[in-house]
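Protein chains in written order, with this note's numbering: chain A, 429 to 896; chain B, 429 to 896.
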């Protein structure tokens, strides 16, 4: 997950669709969904998929050698799980590499600092006095040239909540902080990790440099190291040496990997669910986002095991390179925008592996009753219908901007930013029962959306690109 | 803390002292102790000392440049805290350095593994098939030569409890595992960290190679990496490349740093309390053992603030190089063994910063009543008298073997092995209130032991070296 809070805001911009015949879900479909729900809670397919991806492929940075292994893994896994069509679609993007990264306090209190380069950072070694800012606004308010020859340090501590809402701040410090620092003359950038843990596992994530600025080495400190640097700065001036070997290196073509369970009567119409296949390189990408891949592959698999397929096709997408700019989601939107009306609805699982607690769709009034029917089928899983909330998952958002209807299955992210983009994002952090609850929810949602009489409001519209 | 469980066993070997006049603590001393206890709970000296050492010195591996900074820091801190005598005593030991460490799975599932070299490991690069063992006994039971050209992997998961009792197993796997592996022909050694956490922060710690064996590169995997390697091995043969740059490099002379609050009537007799000044290099040594230094410096300081000093002297020792073989404790015992009877009693704080829950001393029958008086003064802190339990702290144990009476102030170590010898051993892990409870307990104990009428059984005896 990259910038979900910003993307959620998109939902408010979606216009209500024109009035049409109300969408409804037949009682027989609801009965099948209830059986699927109970079956999914007892099924460990999702767990096995996550275990397989995180173990056999491991870390899979977009563009790395593991990217190709991950795509091959996904093709093989879709086939093994009985999907009846499996294919790939190309996704091209610039390739960023991390080679080494070190930082240390220099002077009277010499000691190493645990850091990780932000994705997109250039390499380089800088040694300079550090200037601390409590948050991004403080950095942006610094006088022009006041950081000339200095390293900026934004020391904002993210707070945890179920919705991960403070990532709005943490994510902005990562994406916009370096450019703000460069504008004030800084030659390097440090930030307290956008995270809520207390471990020596810094949080990486993509950053961008505004046009016309010369990028500077930019890194995140583990939270205990940010504490330490802050304590040292309270004693007087502190010099830090920051040495990064990383950077952009050509381009790479990866793949969106797609598997389908063909619909029985409207096979050209698809319900899209998915997660992203790439991860950051520090962990094995268990919660971000093997979980999403496992949840949605398992949901498709369980629907595929039914004697009678739903009316529409279930299309599961393992998106390429979400982390560095929604490349997979953008490529899918570009390749399929002409078919937006054939897309019944879409949902991406990309906020970890915590239990789903809320549900909504972008459906217009004509499909509100059907949305509520799905919500009622999800309610036994402890999921609340929140008809005014939500937004599309990251890789769904580019297509949602083209008019794709979206569903929101909100995961409990209280612990998400303890692990997000760190070395600690590993399989042991996932609760198999919570994962099964996710699989049950996606199975019920996808089946009912695919079996509904009528649509959820997908229609071609003018593009409003995500504001990120 | 290095091998406390083994050292605790020592206590059973201590003979009861000859009968003598019962030791007693005057009511006036108990009244002062009660005031000290309440004062200590409100005092933040211990916290400030820990903050200062971990921040200003940071990691302080024995023999590193930070070792000398730590000793200078301790001299200055004792003086600043009003100790009336401050001096150092030399401690010489071989110097071990960590320069770099890498490991990776090679082959069909290539991925990095998070490891750290065991202290004392030689450098070197080995690449070989891994053979997993569930525990040390399984490794020791392997057929001769069965590991020829292979890397041994002992995959034992330590369990957490208040007493840290499973460190008996975890510590043995670290200290004895490499030699056991070499005897079977192994060219490298990996172990699941002797830890109870689930983070990518491997646990270092000293190992030793038995005489006559050629040491091999030896490292600990973070627990998620041990999980990962185990899962990969369940799929088939796995090759790992282990590359360590580390090793012994000459010798170094550090210092035990000692501060005293002079006694009012028996100044030549001393109550010894302390912690160890060195740490491993991965964290800032907050719980291991800035806490012990802070607790005992603060206790001495608070006693030093009294209008009337206790009868005997309070001697606080910041021991050098505990981690690599109790060098500071051994040096102190060697230098002071002729004066064992002038040592009233000794206690080291070296099991983190959790609350103290139990108390005992090695005192013979003649001082049991006084021990119980101290226990009663500690009871309001939630500390239980456990008259059959305990043992000397690590650096006290060499002198205890010479006849020093010891006190046991047992800290809650439930979380200790989440952090022990890892990068995560940082200040943020310490609860200031729990630390103050420790200071209160050491203050009460040291004051009452110093003000008692009579001794606690210290007497010269034949040396029984610690069995480690």
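Think of the CB as a built atom: it goes at the ideal place given N, C-alpha and C, for glycine as much as any other residue.
Inset, instruction - Tell me, please, whether the CB atom of residue 486(B) is closer than 8 Å to any CB atom in chain E? - result: As a matter of chain content, chain E is missing from the structure shown, whose protein chains are A and B.
Inset, instruction - Please check if any C-beta of chain B sits within less than 8 Å of the C-beta of residue 460(A). - result: Any Cβ of chain B closer than 8 Å to the Cβ of residue 460(A) would place that residue at the interface, and such an atom is absent.
Inset, instruction - Would you be able to state if there are at least three C-beta pairs under 8 Å between the stretch 672 to 685 of chain A and the stretch 737 to 754 of chain A? - result: yes
Inset, instruction - State yes or no: is the beta carbon of residue 851(A) nearer than 8 Å to at least one beta carbon in chain B? - result: yes
Inset, instruction - Run the CB neighbour count on residue 905(B), radius 10 Å, all protein chains shown included, and call it buried at 16 or more, exposed below. - result: Shown here, chain B extends from 429 to 896; a query on residue 905(B) therefore has no answer.
Inset, instruction - Mind checking the stretch 808 to 834 of chain B against chain A and listing, in chain order, the residues whose C-beta falls within less than 8 Å of any C-beta there? - result: none
Legend entry - Contact belief for residue 778(A) with residue 704(A) at Cβ below 8 Å, rounded distance in angstroms: 6 Å
Inset, instruction - Using only alpha-carbon positions, find the residue among 767(A), 823(A), 853(A) and 782(A) that is nearest to residue 865(A). - result: 782(A)
Legend entry - Top-ranked residue by Cα proximity to residue 886(A), from 773(A), 789(A), 835(A) and 850(A): 773(A)
Inset, instruction - Check the Cβ-Cβ distances between residue 537(B) and every residue of chain A, and say whether any is below 8 Å. - result: yes
Legend entry - the stretch 843 to 856 of chain A contacting the stretch 806 to 817 of chain A, beta-carbon criterion three pairs below 8 Å: no
Inset, instruction - Determine which residues of the stretch 638 to 652 of chain B have a Cβ less than 9 Å from any Cβ of chain A, and write them out in chain order. - result: 650, 651 and 652
Legend entry - residue 849(B) beta carbon less than 8 Å from that of residue 889(B): no
Inset, instruction - Using a Cβ-Cβ cut-off of 8 Å, state whether residue 855(B) counts as contacting chain A. - result: yes
Legend entry - Of the residues 593(B), 570(B) and 591(B), the one placed nearest residue 582(B), counting alpha carbons only: 570(B)
Legend entry - Test: residue 629(A) CB closer than 8 Å to a CB of chain B: yes
Inset, instruction - Using a Cβ cut-off of 7 Å, pull out every chain B residue sitting near residue 660(A), in sequence order please. - result: 483
Inset, instruction - Determine, using beta-carbon pairs with one atom in the stretch 701 to 715 of chain A and one in the stretch 658 to 665 of chain A, whether at least three such pairs fall under 8 Å. - result: As far as the Cβ criterion goes, the stretch 701 to 715 of chain A does not touch the stretch 658 to 665 of chain A, which means the pair count is below three.
Inset, instruction - Taking only the alpha-carbon atoms, compute the straight-line gap between residue 579(A) and residue 477(B) and give it to the nearest angstrom. - result: 29 Å
Inset, instruction - Determine the direct distance from the alpha carbon of residue 789(A) to that of residue 516(A), and round the result to whole angstroms. - result: 28 Å
Legend entry - Residue range of the unbroken alpha helix (DSSP H) whose run includes residue 824(B): Where residue 824(B) is concerned, there is no enclosing alpha helix (DSSP H), given that its DSSP letter is neither H nor E.
Inset, instruction - For the beta strand (DSSP E) holding residue 629(B), just list the boundary residues, first then last. - result: No beta strand (DSSP E) holds residue 629(B); DSSP gives it neither H nor E.
Inset, instruction - Please work out which residues of its chain come closer than 6 Å, Cβ to Cβ, to residue 625(A), disregarding the five sequence neighbours upstream and downstream, and give them in chain order. - result: 846
Legend entry - Short-range partners of chain A found in the stretch 541 to 558 of chain B, where Cβ spacing is below 7 Å: Listed by position along the chain: 542.
Legend entry - Buried versus exposed, by CB contacts within 10 Å (16 or more), residue 871(B): buried
Inset, instruction - Report the three-state DSSP secondary structure of residue 756(B) (helix, strand or coil). - result: Helix.
Inset, instruction - Quick one: list the residues of chain A neighbouring residue 800(B), beta-carbon separation under 9 Å, in chain order. - result: Within 9 Å Cβ-Cβ: nothing; residue 800(B) doesn't reach chain A, min ~40 Å.
Inset, instruction - State yes or no: is the beta carbon of residue 655(A) nearer than 8 Å to at least one beta carbon in chain B? - result: yes
Legend entry - Complete beta strand (DSSP E) runs within the stretch 690 to 761 of chain A (minimum length 3 residues, chain order): The stretch 690 to 761 of chain A is shown to contain whole beta strand (DSSP E) runs of 3 or more residues at 694 to 704 and 740 to 747, in chain order.
Inset, instruction - Taking 8 Å as the cut-off, decide whether the C-beta atoms of residue 590(A) and residue 757(A) are in contact. - result: no
Inset, instruction - Go ahead and label residue 612(A) buried or exposed: buried means 16 or more other beta carbons lie within 10 angstroms of its beta carbon, across all protein chains shown. - result: buried
Inset, instruction - Would you tell me roughly how many angstroms separate the C-alpha atoms of residue 432(A) and residue 499(A), rounded to the nearest one? - result: Here the model assigns residue 432(A) a pLDDT of 45, short of 50, so the residue's position is not dependable, and the following value carries that caveat. Approximately 24 Å, taken between the alpha carbons.
Legend entry - Counterpart residues of residue 684(A) in DSSP-defined beta bridges: Answer is 517(A), bridged to residue 684(A).
Inset, instruction - Verify the CB distance criterion: does residue 626(B) have a CB-CB separation below 8 Å to chain A? - result: yes
Legend entry - Buried or exposed (CB count within 10 angstroms, at least 16 for buried), residue 470(A): exposed
Inset, instruction - Find the nearest neighbour of residue 559(B) within the set 513(B), 541(B), 619(B) and 596(B), judged by alpha-carbon distance. - result: 619(B)
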